[in-house]
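Be aware that the sequence shown starts at -10, since it is given in this note's numbering, and climbs by one per residue. Just so it is clear, CB atoms sit at the ideal spot from N, CA and C, and this is done for glycine as well. Just so you know, these numbers come straight off a predicted model, no measurement behind them. Below you'll find the structure, written out as structure tokens, and then a few comments.
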Amino acid sequence: MQIKQAATVLLLRDGSSRPEVYMLERNIKSEFVSGAYVFPGGAVDSEDNDQCLGNICAGLSDQQASHQVGLESGGLRFWVAAIRECFEECGVLLAKQAGQQLSFTDELVNKRFSALRDALNRREIAFAEICSDEGLSLQVDHLVYFSRWLTPEGMSKRFDTCFFLCPMPEHQTPLHDGHEAVHGIWITPEKALAKGSSGDIKLVPATIRTLESIAGYRSVAELIVGCTPSAEVPTICPQIIRDERGQPVKLRIESVDGVIEQPIGSELRSMMGG
């Protein structure tokens, strides 16, 4: 089975007492992790490696990005995909225009970019075309690469996903697209984990472990400093443990924090498309 590359963004803001992260509820009709709460993100497209987009990436070269993800070249596409998917899924565009942080406070500007987002989701326009027409530079240097997950063997779809941290830009407001995602919330990692544990919301293992890794901080600045890796980011690849009948019963996750084995129930199995 082909493993698709993907990118995910954890948009962060300071809440009243703890940092909050933006999460989307996946459409129940989705083929992958249907009904689960996830972070904005999706598959890397061939267009994300477009040289035109690479030329407008601020503060990070392809060589630097490739080194971070262990590639000889082309690594910048993960950062570009993260920004594009964030715009597609929740309307937040990490970019500068005329040297200034892109702002949607002006009603006409907001409507124009909302229409561009819709056209992008309908594949009527390319992301590179939007950036060129609007004179944008992509703020890839605002994304902190901090985690990587590989979907386990035996799943209906497999993704090699880079996870990024990013402070929520001012003067923009996230909004779910109404198609792939049907609801969006700002929530502390601690509260999201509690809701997942109680069954109020659905969370898949990678999301749970990611939320755990960003919990316990007092501010976004502290969180980003604490989660920024000091060495190469290891790829976490869970393993499906099967019983004597070949049925999946556990998910074994090995990371720098140790080994965790999580039971696989019918709901988790259906959510993951297995």
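Residues bridged to residue i [DSSP beta-bridge criterion]
i: C151; result: A(-4), R137
i: L91; result: None, per the DSSP bridge assignment.
i: E9; result: R2
i: A170; result: R15
i: Y26; result: E14
i: E250; result: R241
i: C46; result: L127
i: A334; result: Residue numbering for the chain in the displayed model covers -10 to 263; residue 334 lies beyond these limits and cannot be assessed.
i: Q224; result: In the sequence on display, residue 224 carries Thr and not Gln. According to DSSP, which records beta bridges pairwise, T224 is partnered with R137.
i: P156; result: L1
Rounded distance between the beta-carbons of residue j and residue i, thought under 8 Å
i: L212; j: L1; result: 7 Å
i: L200; j: L182; result: 5 Å
i: V10; j: G30; result: Contact flag wrong, Cβ pair sits at about 13 Å.
i: L65; j: D51; result: 4 Å
i: I229; j: L240; result: 6 Å
i: P194; j: I242; result: 6 Å
i: T140; j: F152; result: About 13 Å; that fails the 8 Å criterion.
i: P237; j: G143; result: 7 Å
Terminal residues of the alpha helix (DSSP H) in which residue i lies
i: I213; result: 209 to 216
i: Q86; result: It is not in any alpha helix (DSSP H) - Q86 instead sits in the beta strand (DSSP E) that spans 84 to 86.
i: L97; result: 96 to 110
i: R198; result: 194 to 203
i: K146; result: Per DSSP, K146 belongs to no alpha helix (DSSP H) and is neither H nor E.
i: R66; result: 65 to 79
i: S187; result: 178 to 187
i: V58; result: 51 to 58
Proximity to residue i [Cα-Cα], best of the options
i: I176; options: E169, D122, I190, E243; result: I190
i: S264; options: T217, S5, L(-1); result: As displayed, the chain neither begins before -10 nor continues past 263, which places residue 264 out of reach and without an answer.
i: Q89; options: E250, A47, Y206; result: A47
i: D95; options: G31, S126, D3, H160; result: H160
i: P8; options: G215, P237, Q251; result: G215
i: L105; options: L82, R198, M157; result: L82
i: S35; options: S186, G188, F116; result: F116
i: R101; options: A(-5), A87, G80, R112; result: G80
i: K150; options: Y26, I253, V58, L91; result: Note that residue 150 is Thr in the sequence shown, not Lys. For T150, the nearest C-alpha among the options comes from V58.
i: F67; options: H168, H56, A(-4); result: A(-4)
i: E221; options: A54, L13, N38; result: A54
i: K(-7); options: V33, M12, G24; result: V33
i: N38; options: L13, S19, V69; result: V69
Distance between residue j and residue i (C-alpha atoms, nearest Å)
i: V98; j: I114; result: 18 Å
i: I45; j: H131; result: 14 Å
i: E77; j: E233; result: 43 Å
i: W138; j: A170; result: 21 Å
i: I249; j: E123; result: 47 Å
i: K146; j: I203; result: 26 Å
i: L125; j: D107; result: 18 Å
N-terminal and C-terminal residue of the beta strand (DSSP E) that residue i is part of
i: S126; result: 125 to 127
i: Q228; result: 228 to 231
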